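Some notes on the structure that comes next.
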Amino acid sequence: MTMTDNRPNTVIGTRLLRREDPALLTGEGKFTNDLNIPGALHLAIKRSEHAHARIIKIDTTQAQALPGVVAVYTGADLQSLWAAPMPCAWPVTPDMKNPVHYPLAVSKVHYVGDGVAAVLATTETISRDALDLIDVTYEVLPAVVDLDEALSDKVILHDELGTNSSYTWPLLIESTPGCVEEAFKNAAYTVKERYVQQRLIPMAMEPRAIAAVPQPFGGDVTMYSSTQVPHILKVMAALTLGIPEHQLRIVAPSVGGGFGSKLDVYAEELLCLALSRKHNVPVRWVEERSENAHATIHGRGQIQHVELAADSDGKLTAVRFRIIADMGAYLQLVTPGVPLLGAFLYAGVYNLPQAYDFSCTGVFTSLTPTDAYRGAGRPEATYAIECGMDALAREMKIDPYELRKRNFIQKEQFPYTAFSGLTYDSGDHALAAEKATQMADYTGIRKQQVTQNVPGAAKRIGIGMASYFEMCGLAPSRVLASLNYGAGGWEAATVRVLPTAKVQVVTGTSPHGQGHETSWAMIASEKLGIPVEDIDVLHSDTAIAPLGMDTYGSRSLPVGGVAIAGACDKVIEKARLIAAHQLECAADDLEFANGLFSVKGSPDRSLPMAALAFAAFTAHNLPDGLEPNLEAQYTYDPPNFSWPFGTHVCIVEVDVETGKVQVLKYVAIDDCGNQINPLIVEGQVHGGVIQGLAQALFEEAVYDEDGNLKTTTLAEYLVPAASDVPSITTGHTITPSPTNQLGVKGIGEAGTIGAAPAVINAIIDALSGLGVTSMAMPASPQTVWRTIQSAKK
Amino acid sequence: MKVSITVNGTSTQHDVEPRTLLVHYVRENLGLTGTNIGCDTSSCGACTVHLNGEAVKSCTILAAQADGCSVNTIEGLSKDGVMHPMQQAFMENHGLQCGYCTPGMVMAAIGLLNENPHPTEEDVRLGLEGNLCRCTGYHNIVKSVLAAAK
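As given, the protein sequences belong to chains A and B, one line each in that order.
Residue numbers for the first sequence follow this note's numbering, so the first one is 16 and each next one is one higher.
Residue numbers for the second sequence follow this note's numbering, so the first one is 23 and each next one is one higher.
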């Protein structure tokens, strides 16, 4: 039984309005660049305008002479400040090649935007004006933009590595040696496709901002940063700068979106810290949007070679995937691991025998480094299998929904041990698909196609679906160890009942739009029987919440939320001891419900949590040996990943003459287990779907052959506006996770994972009568029109 | 140069560089940091304020051009601790997540309803095309504005 079963008046599961909203709606909320920090110097970064070049000379004389400029530093000037190079926490193979790089480049630059010099000035304007006065002489070297060209090693980007390949990570799982090859040989049907996951720019609406403030005595320093990961940043900054970790405090004020782009340790953070200590004054930096397009990580960037083998019924018998993943210029915090977060998901939601041949090669280019972007590896994997399934259905001339039905892992097979040995906790894929196709009127659209998609039709209608699995709840620490990840996957929580029965929940998660303050208060309220408005949630300041693993990968609820529930359990058990002592009964004789301990069978003998909190505070009458105060800390290391799933269905109309795609309807059925707050769940799905749909239709980081980014502003990089996108029809099924006490799975990335393949499958479906069998992303009018023209030939 | 601008009903005077943008005037000279900066090409709309009652992107206007004008920012919307109906509608319909685009979105939405008090969903989507949001997918923003129009 889960917490929400048969419980009237429960707060979990209600559409409670967000407590975060009033401050954000009135301008009271403070983002990092809103902080008033007297005496701060402003940092600005001189960035390379070449993708690959040797630094010959940097002349800073004129910049130094500009009134208001306090100092100008080159990379060479600052080398003594770094105790270690920029960190990469995920050496995915023992022989992975990781080029040493520092916050400022020293001898070579490797992408347009690579920092070469730092200015400190009294105002932001002067700091930027000074950049134009720095004269850098380069020996320009050839750029490497294309992944296949990078693999050829004709131009080596990092001389010391001798190759552009960082690693190859294979995952070959065969029930008997050679069975994959055998399955392909004996297959009734095979498909072989090549998909490109274009580079995307995360474009959180708040550009990054930082302020490092040294304390006048004792050597401590506080850094405010628009980061998703204050805790990870603290550890990494301490190691990289050689600052004792206990003297470092990181605060993430209101953070204006992240989507993975603020899950990193950035050069500017290390520069602000190091220079604030060097000058003993606060140092702050704020990113301009075009700077953000260059200097904040990008996402995706893969070539996927997809091969599926199936028997005569269309049941998958083996799969083979070869991935080339664009690392960009350097390995950032988790760059090499991102494509591997999808490595186990390329069989999707299907019942595949042990015949799985996956391999990923990470390769350096002279472009902005890539790293985690919403979904991180899992949207890429889902796209490959879900577009591949449609290709298989076309090959077999059967309906893609029918093909999926023949392959779904069935409800009764859960918990399901997959080909990989991983256990999928719970699921009902057939139900999610049935619900989604019904809401989208799948059969009705198929009928409409017969009359609408006739030869010569100007507008053709298409319907596409994607059924997904997300491996989230990152992550069981022992599994991370087997993947060579440099940290654990636990989350910490402290729950403190104050003397007046108000509650502080301290969490190691670090929200930036997800509504944790609201949801975490709901969990604690449910557990403790204390009104939700009496519960405060503290986070994102390492002095207040010293332990944590932060927010990314849809982990916050299934790990951090469960940690809060666990801390509440410990508080309740302590309160139970006090209640038993004061009611003079055995602890086991007490029942706890709705914030009240009562003796079984004698409900009039009872004590409320409020009385016990005060008793714990006064400590006048506690059991022998029991510590005063009512608080508990709990760290939860999940025993398994959580496995949210669902089916998305997209209906499009394609104008054959202009190539314009109109999304007529989008249905998302998601199952994230029990929902703490359905209002927030739906919001996460809406935003995720539009981000995935934007990859399918609009967004691409476009480079020229010299490695210059052409999409450097929001005028050129097409983050969709309200007028570009449809409303989303959401729905859900609820299959609680059996592996945690809340029965939750996580929802942050689901929308993004389902959307791109659903949209692309719909477009191909609309145009299949014209001979179109593939569609590149983004499916802009020009791309669609050209694809139609080449199919006609 | 000296400028005199009435902001949220209060008269303000400051000596500014001629190149000072209105958004920098309200953020830096007045400390009203609710108006956010999200781009450098007037694309995102995070800095939308009302200038003489009309929604404008405050990064497209020099403080000097606003001399003698009346400007309202997000901080001027709530009265006596009660949020403006548009703010209320955003809260009730979960029209915001990270909140960074929100002040500009709310100001733009009020401007939209001033011009068209009874918009259709399409009117709202077209009317807000100058304001970008990365979190909500716009679904609940549109819902909020339609709710506020009722």
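For each residue, glycine too, the CB sits at the ideal point set by N, CA and C.
Keep in mind the model is a prediction, meaning the values are calculated, not measured.
Query	Result
Near-chain A residues of the stretch 120-147 of chain B - C-beta to any C-beta below 9 Å	120, 121, 122, 123, 124, 125, 128, 143, 144, 146 and 147
Residue 83 of chain B beta carbon near the ligand COA (any heavy atom closer than 7 Å)	Ligands displayed in this structure: none; no statement on the ligand COA is therefore possible.
Residue 124 of chain B vs residue 39 of chain A beta-carbon contact at 8 Å	yes
Chain A residues whose Cβ lies nearer than 8 Å to that of residue 105 of chain B	37, 40 and 41
Reduced DSSP category for residue 800 of chain A - H, G, I as helix; E, B as strand; rest coil	helix
Chain B within 8 Å of residue 765 of chain A, Cβ atoms only	no
Contacts of residue 161 of chain B in chain A (Cβ-Cβ under 7 Å)	701, 742 and 743
With 16 other Cβ atoms within 10 Å as the buried cut-off, status of residue 304 of chain A	buried
Which listed residue (A/50, A/767, A/545 and A/269) has its alpha carbon closest to that of residue 709 of chain A	A/767
Chain A contact for residue 65 of chain B (CB, 8 Å cutoff)	yes
Amino acids of chain B, ordered along the chain, whose beta-carbon sits closer than 8 Å to that of residue 51 of chain A	53
Whole-angstrom distance between residue 388 of chain A and residue 71 of chain B, CA atom to CA atom	32 Å
Simplified DSSP assignment, three categories, for residue 276 of chain A	coil
Counterpart residues of residue 154 of chain A in DSSP-defined beta bridges	A/69
Presumed contact (8 Å Cβ cut-off) between residue 520 of chain A and residue 551 of chain A, rounded CB distance	7 Å
Rounded Cβ spacing between residue 413 of chain A and residue 329 of chain A (contact assumed at less than 8 Å)	6 Å
Within chain B, partners of residue 312 of chain A - CB distance below 7 Å	Those do not exist, as residue 312 of chain A stays about 15 Å from chain B at its closest Cβ, beyond 7 Å.
The stretch 478-489 of chain A touching the stretch 660-671 of chain A, judged by at least three CB pairs closer than 8 Å	yes
Integer Cβ distance of residue 732 of chain A from residue 714 of chain A, believed to fall under 8 Å	7 Å
4 or more residues per run - each alpha helix (DSSP H) lying fully within the stretch 603-629 of chain A	none
At least 3 beta-carbon pairs within less than 8 Å: the stretch 43-59 of chain A vs the stretch 101-109 of chain A	no
Proximity of residue 111 of chain B and residue 170 of chain B at Cβ, strictly below 8 Å	yes
Pair within 8 Å by beta-carbon distance, residue 771 of chain A and residue 394 of chain A	yes
C-alpha distance - residue 243 of chain A paired with residue 555 of chain A, whole-angstrom precision	9 Å
Bounding residues of the alpha helix (DSSP H) (the contiguous stretch that carries residue 740 of chain A)	Counting along the chain, residue 740 of chain A falls outside any alpha helix (DSSP H), and DSSP gives it neither H nor E.
Meets three-Cβ-pair contact criterion under 8 Å: the stretch 199-216 of chain A and the stretch 510-524 of chain A	no
Backbone CA spacing between residue 655 of chain A and residue 437 of chain A [nearest angstrom]	9 Å
As assigned by DSSP and simplified to three states, the class of residue 5 of chain A	This structure cannot speak to residue 5 of chain A, because chain A is shown only from 16 to 808.
For residue 76 of chain B, the three-state DSSP class (helix, strand or coil)	strand
Pair within 8 Å by beta-carbon distance, residue 374 of chain A and residue 203 of chain A	no
Helix, strand or coil at residue 246 of chain A according to DSSP, with G and I counted as helix	helix
Where residue 641 of chain A falls, given that 16 or more other Cβ within 10 Å makes a residue buried	exposed
Completely contained beta strand (DSSP E) runs for the stretch 551-598 of chain A, where each covers 3 or more residues	none
Through-space distance from residue 119 of chain A to residue 106 of chain B, alpha-carbon basis	47 Å
Residue 575 of chain A to residue 755 of chain A span [Cα, whole Å]	11 Å
Unbroken alpha helix (DSSP H) run spanning residue 472 of chain A, endpoints	No alpha helix (DSSP H) contains residue 472 of chain A, which DSSP labels as neither H nor E.
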